[in-house]
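Q: The sequence shown begins at 113 in the numbering used here and counts up one residue at a time. Before I ask anything, let me first share the structure, which is written out below as structure tokens.
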Amino acid sequence: MKKIILISSLVIGLAACDLMTDKSPAFGTCAQIAKSRLKHPASYEVTSVVEAEPLNGRVMVNINFAAWNDFKVPIPHNISCVFQADGTGDAANLIAIKWNGRPIRSHELDEIRQNLPK
């Protein structure tokens, strides 16, 4: 009886792992930006995600992930996105991105903002 319970709980636990969804729209947007900046976006594999909402109305998403280089070796990467709530509750404005610990240039940020789905 114990074996049946153990096996069934393992099967249910493994199935639940596949059903996990994105944490938030901010996480989805930040992950989309990360994939768009990679040379091999199919190799994108999330390692960890931290999402914080300080009191000032900002949402900060930090994604650690691995992606291939040209030699098919997984290289660790990091992207941090900062969003400012616009007050309507519908969407947040992207205000900053750090790629591997360095802020991206303002013209790159403007280009990313223009290409984001509304």
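C-beta: ideal position from N, C-alpha, C; glycine also. All values derive from a computational prediction rather than experimental measurement.
Assign Leu167 to buried or exposed, taking buried as 16 or more other Cβ atoms, counted over all protein chains shown, within 10 Å of its Cβ.
A: Against the sequence shown, residue 167 aligns to sequence position 55. Exposed, since its Cβ has fewer than 16 Cβ neighbours within 10 Å.
Q: Would you mind sorting Phe195 into buried or exposed? The rule is 16 or more other CB atoms within 10 Å of its CB.
A: Numbered from 1 along the sequence shown, position 83 holds the residue referred to as residue 195. Phe195 comes out buried.
Q: Would the beta-carbon of His189 fall within 8 Å of that of Asn212?
A: Numbered from its first residue, the sequence shown carries residue 189 at position 77. Numbered from its first residue, the sequence shown carries residue 212 at position 100. Yes, the pair counts as a contact, with Cβ atoms nearer than the cut-off.
Q: By how many angstroms is the C-alpha of Ala179 removed from the C-alpha of Leu150?
A: Numbered from its first residue, the sequence shown carries residue 150 at position 38. Numbered from its first residue, the sequence shown carries residue 179 at position 67. When rounded, the distance between both Cα atoms is 8 Å.
Q: DSSP has Ala179 in a bridge; who is on the other side?
A: Start at 1 with the first residue of the sequence shown, and residue 179 comes out as number 67. Ile187, per the DSSP bridge assignment.
Q: With which residues is Cys193 paired in a DSSP beta bridge?
A: Your numbering for residue 193 matches position 81 in the sequence shown. In the DSSP output, where bridge partners are listed per residue, Cys193 has Val173 and Ile209.
Q: Please report how far the alpha carbon of Ser148 lies from the alpha carbon of Gly169, in whole angstroms.
A: Against the sequence shown, residue 148 aligns to sequence position 36. Against the sequence shown, residue 169 aligns to sequence position 57. Distance between the alpha carbons of Ser148 and Gly169 is about 26 Å.
Q: Roughly how many whole angstroms lie between the Cα atoms of Arg214 and Ala146?
A: Along the sequence shown, one-based indexing puts residue 214 at 102. Along the sequence shown, one-based indexing puts residue 146 at 34. Approximately 14 Å between the Cα atoms of the pair.
Q: Assuming contact is defined by CB atoms lying nearer than 8 Å, are Val173 and Glu163 in contact in what I supplied?
A: Within the sequence shown, the letter at position 61 stands for residue 173. Within the sequence shown, the letter at position 51 stands for residue 163. It is a contact, given that the beta carbons lie within the stated cut-off.
Q: Could you check which residue in Ala138, Ser136, Ala143 and Cys193 has the C-alpha nearest to that of Ile216?
A: One-based indexing of the sequence shown puts residue 216 at position 104. Checked all of Ala138, Ser136, Ala143 and Cys193; the closest Cα to Ile216 is Cys193.
Q: From the DSSP output, which residues share a beta bridge with Ser160?
A: On the sequence shown, residue 160 is found 48 positions in, with the first residue counted as 1. Paired residue(s): Asn176.
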